[in-house]
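Take a look at the structure below.
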Amino acid sequence: MPQPPPPPQPPPYLFFVLCFFNIVFAGGDACTLSSNEIPRSSCPPFSSTPPFPFSISPGCGHPSFQLKCSLPYSTISINDFSFSVIEFEPNSSSLTLSPQTHHSFTSTETTTNSNCSSLSIPTRSINLSGSPFRFSDSDCSRLSVVRSCSPLNLPNCSHCSWECKLIKNPVQLLHGCGSSHLPISEQGCQPNILEYLDQFLTVGLHVEYDESQDSYFSSCRVCKSKNGICGFNSSDPDKRFLCFLPKSRFSPPWIHEDDANRIAILCSIFTVLCLLLAVLVIAAIYRSKRLRALASEEDPTILFLHRHRSASLLPPVFTYEELESSTNRFDPKRKIGDGGFGSVYLGHLYDGRVVAVKYLHKQQHHHAAAAGKAFSTKSFCNEILILSSIDHPNLVKLYGYCSDPRGLLLVYDYVPNGTLADHLHGPKGLHRKGRLTWQVRLDIALQTALALEYLHFAVHPAIVHRDITSSNIFIEKDMRIKVGDFGLSRLLVFPETSSSSSGYVWTGPQGTPGYLDPDYHRSFRLTEKSDVYSFGVVLLELISGLKAVDQSRDKREMALADLVVSKIQMGQLHQVVDPVLIVEGEAKESIYAAAELAFRCVAADKDDRPDSKEVVEELERIRSCTRGFGGANNSNGGEGGDACTLSSNEIPRSSCPPFSSTPPFPFSISPGCGHPSFQLKCSLPYSTISINDFSFSVIEFEPNSSSLTLSPQTHHSFTSTETTTNSNCSSLSIPTRSINLSGSPFRFSDSDCSRLSVVRSCSPLNLPNCSHCSWECKLIKNPVQLLHGCGSSHLPISEQGCQPNILEYLDQFLTVGLHVEYDESQDSYFSSCRVCKSKNGICGFNSSDPDKRFLCFLPKSRFSPPWIHEDDANRIAILCSIFTVLCLLLAVLVIAAIYRSKRLRALASEEDPTILFLHRHRSASLLPPVFTYEELESSTNRFDPKRKIGDGGFGSVYLGHLYDGRVVAVKYLHKQQHHHAAAAGKAFSTKSFCNEILILSSIDHPNLVKLYGYCSDPRGLLLVYDYVPNGTLADHLHGPKGLHRKGRLTWQVRLDIALQTALALEYLHFAVHPAIVHRDITSSNIFIEKDMRIKVGDFGLSRLLVFPETSSSSSGYVWTGPQGTPGYLDPDYHRSFRLTEKSDVYSFGVVLLELISGLKAVDQSRDKREMALADLVVSKIQMGQLHQVVDPVLIVEGEAKESIYAAAELAFRCVAADKDDRPDSKEVVEELERIRSCTRGFGGANNSNGGEGDVAKG
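So for the sequence shown, full-length UniProt numbering puts the first residue at 1; every next one is plus one.
Here it is as structure tokens:
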């Protein structure tokens, strides 16, 4: 290898890098262009282009002198103030500015009442600090001597404090002007100070700047001496000075332009290095082919396993015959479930062990292996390596495996008691739920967390399960659990990549709807915190008994995590706690603590979640505090009567003062019992009660009265947004607003109202600063305002003496307690309760009902309908007989249906499932032509790897030449001919293959790839498409030749590509019935022909949604787990699991953003929040910085700029988070046609030349 150049010279490739950056980032002409194109009279008061330091182009001039041209005056922003430029003298260093108060002075610092002044005076001091400007001495002097001609006529200073300050001291209007300024001349007095200030601002402020104190001016003089244009780096927070030179250097500074020999030497070295690199690449390719040829005869499973682990450390190997015998030849009766890419059968091994056998699929044909099955084998091996290396009592154990040409099999231990989902949501869920007491549920959660802690911290490298769901938690007979289903698609950390120290794996989102981590979906970075999110959902299922996803719920609450989080935030967790649980005392605290942990686990940002170690520690703490509380609610009549009795009787007699025993009705300490307005919380020294949003200590209660003595807990109960009191106003614990009992059964006693109505101060009122302590001032003037609803109508019981300190008196008054009363005759709860008690019932209410309707909990349940008396034995016997006959009849019908189904399957077993499916849905005359396997094998030169041109859905694509001369693309999929493999799950693959044939043969549009035919053969499934030779849109925008190809993608061409793609979507969504949702509109699936027309392709098997048998649904959506390409996947589809045509519109919006920006849809090098292109551009649009992400090779001015911005606005609507806010594909087409009609040929590659540093865009 040649020696590197001498140390003084940079490496040769730097020459080409510098050339490239000088071409792309030349900015001198950009500044000149934007400046020269401004009309001479459109930027008053400047008669021509504003000179330095002023500028009308971002990035040019001085950053503090940026102008916005308008009529009648241009504007300039200083700090957050906007001014009209009234006057400027060319050779001076001063300006006359008038503030635009109507739109520039909205501020959160000071709020002025709209009734204070009708003049346009700023609501705070005008502050020039931190800018190059300062107020002139003359203005400061003028304001410093202004005075009123008459005594000050102040407005209400508590509401108009700013106006009061200006009237007293007008110079405060200009921040930084003080009394040190001497007046130029004595002015007369002013009859109205505020009108004078308004006129003063209208005439204008004189501001000055000092060039000698600002380095920009000296730097600009040096720049102009080099014929440069002065500017700054607009993307730099410090706005550093830049000089845009009129000419770029096409050679490094250490190479003189006249030194031809040196350039020739560098070019020669570069050429030699390129040739050497080419030789090395050819040698590596040849060696790789030799190695593949040597390994082609070996089993890839053995190769992979032996490359990563010694045979002695691998689990036992079973023969195919052993496992076939153990499952009775994979008898469908033995099928117990479906796992990742396979089916699970119950097996009995020769040694008596009962096992679960997962049957996966493997293709033995050489060409099928070449078409993509190698990854399936690698995934199978990875599962063996991971599961054989772990050993934990709460993880399903791998007993062994089998790698055979007839199939891939994994053998696990069998857990017989079903899954957690079966117990919570299955057909026998109500019966099984009775066994799931809160203590049992807590143990299940803890065991699951221990399994995760083991996977995340005890195993190296860490394993991310990626599918923690209630369906994958298996329960043994003793209620211990095992986490299972480490499916092939859910294995993330492979041994060969586990050395990465990044802490995450980059991968497309996969998992079960409802459990899938939203942070993982947003950033495409998978970490152990994704398992924590899924665990949080499982914990919420244990608490609520609800499903993780339920279509019957509201869209915003369809996902259990969204539902429970919203309830917790509203303080309504009790509404979603499983009603079969007893929720009181320590059990309630335990459930609420677990809910708080689940709330943290399902945090939207993974950084806010605990890790699995913290989860284990918290669950162990919760369990240690529970002390056996919880269980199924053994209700016995009505709606929970025994629960009320139990919770009341178990309260210690002295723990709920002032009650010496269990509080009587209407009081209650159990949610759902008693009166909803009399719910107590027991504590010492006093129990508490909440009335409206006020919390009171219960001081005294007389059993046979209808009154209470309450003392407000002001220290923690009166936090309110209604009134804010300065902490310096009073050191006493007085509420910050009136105590309001409106809407409750309570009212203040006449005696309390009367006592406060006669309180007065012994001395003249000593008020605090009422502008800050307005509430205290009100109380001192009128103490009765403390109790809302007390007025002057209450007559005093006796005249009280005056009080030296009103606030101290009120504090003592509240400490002694308020006397509140309630009227039983005006409340229907009391009369209903009397009727309930006459039936030996317990009075309560429906706590989940917003109206809190009265309920009577009866002590005994009725196990027969109301029209059957309990002593009517004959009638009960008749009903039992009818029920028995109906059950027998149903059993006969089920047996007959099973027998008929078996007969039909036996008759169809000899036929090709592809033919069965196609003929069941369409006549043979309407199907595309059928090719033989030999025809397609010959057209692709026996599927020569040299002919491989890409990968599609579940297969590889080869270039083919048909006998009639047509050039086609042949997609090779996979089909298993063995009967048992078909029984193990391949039927859906065949059905998907048939669906693609049915859909693609029924569509015909110039912008969609055409299906020429298909082949169904035991050796493989093949689809034949027309061939588009000019690559994809992604190749042109982001490929290795992207920069060269981008030059051909003018804005007009990009707009045409977007319109053609939208036309294809419009056809799929509206012209085809049923509508087709592509589900993978990406720049990689838009193929470009030589004339730059496009075709949308890759209707992959996993991306077909609207199948003919389900298309009759009128719901407008298909329920399915989110699938698609990261960066293009619709977030609304991810959240609601409802797929509609608007999901394609979202993906199209991302493609349109790619066309506008030239950036990738997903880029790991960007910030996490801007990794997805949609997030990046939306944030830039919202900040008014779209120009920062427009592709720099586009010319962005005039009508082309308007066209690009209009297209960006359309893309912004397409990528709206809520699908209801997006346009449909028809609206997209109409808008793009309108934009194209207005563009009139603008757009193209930006032929830049000149400049250094960043581009200053005009």
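Backbone N, C-alpha and C define an ideal beta-carbon position, used for all residues, glycine too.
Element boundaries [beta strand (DSSP E), containing residue i]
i                  : result
glutamate 700      : 694 to 701
isoleucine 76      : 75 to 78
arginine 134       : 133 to 135
phenylalanine 1148 : Note, phenylalanine 1148: premise wrong, no beta strand (DSSP E); alpha helix (DSSP H) at 1141 to 1157.
isoleucine 842     : 842 to 845
tyrosine 320       : No beta strand (DSSP E) holds tyrosine 320; the alpha helix (DSSP H) holding it covers 320 to 326.
Nearest to residue i (by Cα), restricted to the options the options
i                 : options                            : result
aspartate 693     : Cys267, Val415 and Asn740          : Asn740
tyrosine 359      : Leu323, Lys333 and Asn782          : Leu323
histidine 175     : Ile1057, Pro191, Cys777 and Phe135 : Phe135
glutamate 208     : Leu858, Asp611 and Asp139          : Asp139
threonine 736     : Val758, Phe701, Ser774 and Glu702  : Ser774
serine 683        : His306, Phe701 and Pro658          : Pro658
leucine 563       : Gly514, Leu732, Ser590 and Cys1238 : Gly514
residue 1338      : Arg556, Ala458 and Ala1161         : An answer regarding residue 1338 cannot be provided, because it is not within the stretch 1 to 1258 covered by the chain.
aspartate 422     : Trp1119, Leu926, Ser310 and Glu541 : Glu541
isoleucine 691    : Gln100, Pro1223 and Gly743         : Gly743
methionine 479    : Thr437, Asp517, His460 and Tyr454  : Thr437
glycine 59        : Cys230, Leu1194 and Asn91          : Cys230
phenylalanine 813 : Glu824, Leu787, Gln826 and Asp823  : Leu787
serine 931        : Asp964, Cys177, Asn995 and Tyr1014 : The sequence shown places phenylalanine at residue 931, rather than the serine named in the question. The candidate whose alpha carbon is nearest that of phenylalanine 931 is Tyr1014.
serine 98         : His574, Glu383, His206 and Tyr1025 : His206
CB of residue i within 8 Å of CB of residue j, strictly
i                  : j                 : result
valine 1229        : aspartate 1144    : no
phenylalanine 845  : phenylalanine 854 : yes
glycine 61         : proline 53        : yes
serine 403         : threonine 301     : yes
glycine 545        : leucine 424       : yes
phenylalanine 1099 : isoleucine 999    : yes
glutamate 528      : serine 612        : yes
serine 706         : glutamate 824     : yes
serine 219         : phenylalanine 244 : no
valine 1150        : glycine 1127      : yes
serine 661         : glutamine 679     : no
glycine 400        : valine 411        : yes
Counted within 10 angstroms of its Cβ, other Cβ atoms place residue i as buried (16 or more) or exposed
i                 : result
arginine 834      : exposed
phenylalanine 883 : exposed
threonine 319     : exposed
glycine 630       : At glycine 630 the pLDDT is 40, less than 50, meaning the model places this residue with poor confidence; the figure from the coordinates comes in the next sentence. Answer is buried; the Cβ neighbour count reaches 16.
residue 1278      : This structure does not reach residue 1278, given that the chain is present from 1 up to 1258, and the question cannot be answered.
tyrosine 1067     : buried
glycine 638       : Note that glycine 638 scores 39 on pLDDT, short of 50, meaning its location in the model is unreliable; the coordinates nonetheless yield the value given after this. Buried.
cysteine 116      : buried
methionine 570    : exposed
Contact belief for residue i with residue j at Cβ below 8 Å, rounded distance in angstroms
i             : j               : result
tyrosine 1191 : isoleucine 1156 : Here residue 1191 is aspartate; the residue named in the question, tyrosine, does not match the sequence. At roughly 7 Å, the Cβ-Cβ gap stays under 8 Å, so aspartate 1191 and isoleucine 1156 are in contact.
lysine 711    : glycine 817     : It is worth fixing the name first, because residue 711 is serine in this sequence and not lysine. Going by Cβ atoms, the distance from serine 711 to glycine 817 rounds to 5 Å, so yes, they are a contact pair.
valine 1215   : valine 1178     : 7 Å
Span of the alpha helix (DSSP H) around residue i
i                 : result
threonine 202     : 193 to 203
aspartate 519     : 518 to 523
phenylalanine 232 : Segment 229 to 232 is the beta strand (DSSP E) holding phenylalanine 232; no alpha helix (DSSP H) there.
cysteine 1238     : 1225 to 1239
residue 1289      : The structure shown does not extend to residue 1289, since the chain is modelled only from 1 to 1258, so the question has no answer here.
proline 657       : Segment: none, proline 657 is in no alpha helix (DSSP H) and carries neither H nor E.
arginine 353      : Premise fails: arginine 353 is in no alpha helix (DSSP H) and is neither H nor E.
serine 544        : 528 to 544
alanine 421       : 420 to 425
leucine 444       : Here residue 444 turns out to be isoleucine, not leucine, going by the sequence shown. First-last of the alpha helix (DSSP H) with isoleucine 444: 438 to 453.
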